[in-house]
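2 protein chains.
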Amino acid sequence: MSKKTNAAILIIGNEILSGRTQDTNTSTLSLWLNSIGVKVEEVRVIPDIEKTIVDSVNSLRKVYDYIFTTGGIGPTHDDITAQSIAKAFNLKYEIHKEGYKILEKYYKPGEFNEGRQKMIWMPKDAKLILNPTSGAPGFNIENVFCLPGVPSILKSMLGSLKNDIIGGDPILSHTISLRTVESEIANSLTKVQDNNKEVEIGSYPFFQAGKLGVSIVIRSENQNKIDICTSQILDFVKQKKIEVVNRD
Amino acid sequence: MSKKTNAAILIIGNEILSGRTQDTNTSTLSLWLNSIGVKVEEVRVIPDIEKTIVDSVNSLRKVYDYIFTTGGIGPTHDDITAQSIAKAFNLKYEIHKEGYKILEKYYKPGEFNEGRQKMIWMPKDAKLILNPTSGAPGFNIENVFCLPGVPSILKSMLGSLKNDIIGGDPILSHTISLRTVESEIANSLTKVQDNNKEVEIGSYPFFQAGKLGVSIVIRSENQNKIDICTSQILDFVKQKKIEVVNRD
Numbered sequence: 001m002s003k004k005t006n007a008a009i010l011i012i013g014n015e016i017l018s019g020r021t022q023d024t025n026t027s028t029l030s031l032w033l034n035s036i037g038v039k040v041e042e043v044r045v046i047p048d049i050e051k052t053i054v055d056s057v058n059s060l061r062k063v064y065d066y067i068f069t070t071g072g073i074g075p076t077h078d079d080i081t082a083q084s085i086a087k088a089f090n091l092k093y094e095i096h097k098e099g100y101k102i103l104e105k106y107y108k109p110g111e112f113n114e115g116r117q118k119m120i121w122m123p124k125d126a127k128l129i130l131n132p133t134s135g136a137p138g139f140n141i142e143n144v145f146c147l148p149g150v151p152s153i154l155k156s157m158l159g160s161l162k163n164d165i166i167g168g169d170p171i172l173s174h175t176i177s178l179r180t181v182e183s184e185i186a187n188s189l190t191k192v193q194d195n196n197k198e199v200e201i202g203s204y205p206f207f208q209a210g211k212l213g214v215s216i217v218i219r220s221e222n223q224n225k226i227d228i229c230t231s232q233i234l235d236f237v238k239q240k241k242i243e244v245v246n247r248d
Numbered sequence: 249m250s251k252k253t254n255a256a257i258l259i260i261g262n263e264i265l266s267g268r269t270q271d272t273n274t275s276t277l278s279l280w281l282n283s284i285g286v287k288v289e290e291v292r293v294i295p296d297i298e299k300t301i302v303d304s305v306n307s308l309r310k311v312y313d314y315i316f317t318t319g320g321i322g323p324t325h326d327d328i329t330a331q332s333i334a335k336a337f338n339l340k341y342e343i344h345k346e347g348y349k350i351l352e353k354y355y356k357p358g359e360f361n362e363g364r365q366k367m368i369w370m371p372k373d374a375k376l377i378l379n380p381t382s383g384a385p386g387f388n389i390e391n392v393f394c395l396p397g398v399p400s401i402l403k404s405m406l407g408s409l410k411n412d413i414i415g416g417d418p419i420l421s422h423t424i425s426l427r428t429v430e431s432e433i434a435n436s437l438t439k440v441q442d443n444n445k446e447v448e449i450g451s452y453p454f455f456q457a458g459k460l461g462v463s464i465v466i467r468s469e470n471q472n473k474i475d476i477c478t479s480q481i482l483d484f485v486k487q488k489k490i491e492v493v494n495r496d
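Sequence order for the protein chains is F and P. Under my numbering, residue 248 is the last one in the first sequence; the count climbs by one each step, no gaps. Under my numbering, residue 496 is the last one in the second sequence; the count climbs by one each step, no gaps.
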């Protein structure tokens with residue numbers, strides 16, 4: 001069996017905690033990490049407060065293989081991720097020379113002002129994460145990867161990250177959507193889970209076009225185990241004469 | 249000055265960590281809590297693992313005034329919030345008599361089966377949180393409030409909660425959306441923040457209809473402080489001849 005690789009995501013930003021902005025980066029990062037064999041086991045959303053960022057990074061980076069932070073690497077006063085990460089690792093916070101060259105080229109002459117220069121102040125010897133959308137790079141120190149909060153920019157930076165993350169086998173899943181309610185299948189599903197302890201089975205009610213349903217999601221690194229579990233579920237579904245709405 | 253009341257949200261569910269489901273309950277709960285003067289200071293997303301739920305609840309409930317959990321109170325094997333909360337508080341996990349009566353009435357004769365009965369197994373002496381949408385109640389023990397994960401059901405239960413939460417002054421906000429980029433205003437905005445330390449100023453870039461912009465969000469319990477801050481921001485905006493796209 002392959003070693004399982006895990007990760008935590010640290011969403012940094014008052015705008016998520018206030019409810020003003022809906023976080024979508026968790027889902028983007030989790031799906032991408034799953035596809036390269038990394039399982040996200042915890043997400044924390046914290047405010048733009050240096051001590052909170054330092055403490056959170058320092059506790060999470062000891063527990064998980066990888067930490068991904070989002071947010072707080074722009075040019076304004078509330079962007080304090082880079083200085084906080086420097087503090088967490090006890091590193092100097094300074095202008096990143098390679099980053100400076102990238103942004104100097106990216107902007108028109110005279111446009112690379114003090115505000116923009118703040119974006120390449122980083123922890124000493126940080127490894128850059130290239131940004132094909134808007135120039136300003138993210139950075140990586142040890143097992144901590146710092147990405148921006150703007151979802152479209154974050155997405156565009158994942159490609160250049162892939163070689164720096166060593167995952168296990170990709171986590172596979174199969175979803176069976178049924179026209180039923182959870183309480184009709186709860187006992188049968190418990191039996192299947194008990195018989196298949198290494199497979200993760202989730203049950204999620206849904207409402208679609210005015211009708212109730214339940215999606216059963218089976219997850220494992222092993223397709224064979226998913227198939228065995230699927231056939232046991234389809235057995236009780238058939239017995240109970242429950243309609244299968246969809247499988248994917 | 250009023251005492252500030254704070255809260256943490258604990259999202260319980262593998263489906264959020266896997267990226268399959270996009271969490272929207274954080275935003276719903278945060279906006280609602282803001283409106284009754286409670287500031288959300290931390291959100292954690294954790295898997296359906298008893299020890300993790302117990303440890304998270306026990307560490308958060310000592311730090312924050314209120315804890316809201318979402319998810320894991322349905323009838324299936326992966327719904328383990330109620331038993332975990334009982335363990336966290338060292339309380340018996342048993343059938344809730346009042347809850348039993350509610351569901352007995354809610355379902356047609358014969359429909360209140362074993363699977364459904366699981367939904368009224370709760371920590372001893374839990375206070376019920378009524379559910380006008382689908383019958384099965386949430387529950388409250390001390391400062392911990394347990395709500396379902398399905399967003400429409402969660403929303404419908406907030407009304408009956410309001411009297412159990414004692415908040416401070418509502419947190420007010422004003423948003424100024426500008427046709428600019430962050431680096432053009434970063435220095436001026438830092439000065440305004442330095443002059444108005446009790447007000448929280450956030451800066452958030454946006455893309456809308458193919459155009460770049462920045463939303464400045466000013467937050468405080470005190471409308472007067474927001475107004476002073478707003479006028480200082482509008483001063484430099486005017487000086488710099490930046491277009492104000494919107495204010496709300």
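Think of the CB as a built atom: it goes at the ideal place given N, C-alpha and C, for glycine as much as any other residue. In this text, all values refer to a predicted model and were calculated from it rather than measured experimentally.
Within the continuous alpha helix (DSSP H) that includes P:K403, where are the two ends? P399 to M405
Range of the contiguous beta strand (DSSP E) that encloses F:E221: Segment: none, F:E221 is in no beta strand (DSSP E) and carries neither H nor E.
Of all the options F:K211, F:E104 and F:D169, which has the alpha carbon lying nearest to the alpha carbon of F:L178? F:K211
Buried versus exposed call for F:K124 [16 or more other C-beta atoms within 10 Å across all chains shown]: exposed
Could you tell me which chain F residues have their CB closer than 7 Å to the CB of P:Q270, listed as they occur along the chain? T24 and S27
Would you list the residues sitting across from P:T423 in a DSSP beta bridge? P:V465
If I follow the unbroken beta strand (DSSP E) through F:L10, where does it start and stop? T5 to I12
Pop quiz: P:F387 and P:I377 are said to be a contact at Cβ under 8 Å. What is the actual Cβ separation, rounded to whole angstroms? 6 Å
Using a Cβ distance threshold of 8 Å, determine whether the stretch 41-57 of chain F contacts the stretch 79-86 of chain F, with at least three qualifying pairs required. yes
Distance, F:S27 Cα to P:M249 Cα: Residue confidence for P:M249 is low, a pLDDT of 40 falling below 50, so the modelled location carries little weight; the figure read from the coordinates is stated next. Going by the C-alpha atoms only, they are around 39 Å apart.
How is F:R247 classed by DSSP in three states: helix, strand or coil? strand
Mind listing which residues of the stretch 30-41 of chain F have their C-beta closer than 9 Å to chain P's C-betas, in chain order? S30, L31, W32, L33, N34, K39, V40 and E41
Quick check for students: name the residue ranges of the alpha helix (DSSP H) that lie wholly in the stretch 38-110 of chain F, counting only runs of 4 or more. 50-63, 81-88 and 97-106
Over what stretch of residues does the alpha helix (DSSP H) that includes P:K439 continue unbroken? E430 to N443
Identify the continuous beta strand (DSSP E) that holds F:M128 and give its terminal residues. Rather than Met, the amino acid found at residue 128 of chain F in this sequence is Leu. Element bounds for F:L128: K127 to N131.
Same chain only: Cβ atoms within 6 Å of P:N379, ignoring 5 sequence neighbours per side: P385 and M405
Any beta carbon of chain P sitting closer than 9 Å to that of F:S203? yes
Measure the Cβ-Cβ separation of P:L281 and P:K287 and say whether it is below 9 Å. yes
Answer yes or no: does any C-beta atom of chain P fall closer than 9 Å to that of F:N246? no
Pick helix, strand or coil for P:N391, following the three-state DSSP scheme. coil
Do you know how far the Cα of F:F206 is from the Cα of F:S215? 7 Å
Name, in chain order, the residues that DSSP records as bridge partners for F:K211. F:Q208
Short of 7 Å Cβ to Cβ, which residues in the stretch 72-84 of chain F face chain P? G74, P75, T76, H77 and D78
One or two residues paired with F:S203 in a DSSP bridge: F:I216
Using C-beta distances below 7 Å, list every residue in its chain close to P:Y355, excluding the 5 sequence neighbours before and after it, in chain order. R364
Top-ranked residue by Cα proximity to P:S332, from P:E346, P:G358, P:V305 and P:L351: P:V305
Enclosing beta strand (DSSP E) for P:M370 [first to last residue]: W369 to P371
Within the 9 Å Cβ cut-off, does P:N262 reach chain F? yes
Just the C-alpha distance for F:E15 and F:T21, rounded to the nearest angstrom, thanks. 6 Å
Identity of the residue in F:L103, F:K162, F:S183 and F:G167 nearest P:S382 by Cα: F:S183
Counting only C-beta atoms, is F:A126 closer than 9 Å to chain P at any point? no
Which word fits F:E41, buried or exposed, when buried means at least 16 other C-beta atoms lie within 10 angstroms of its C-beta? buried
Leaving out five residues before and five after F:Y66 in sequence, what residues of the same chain have Cβ atoms less than 6 Å from its Cβ? A7 and N143
Between the stretch 468-486 of chain P and the stretch 439-458 of chain P, do three or more beta carbon pairs fall short of 8 Å? yes
Is it the case that the Cβ atoms of P:I350 and P:G397 are separated by a distance below 9 Å? no
Please determine, among F:K62, F:K240 and F:E111, the residue with the shortest C-alpha to C-alpha distance to F:T187. For the record, residue 187 of chain F in the displayed sequence is Asn; it is not Thr. When each option's Cα is compared against that of F:N187, the closest is F:K240.
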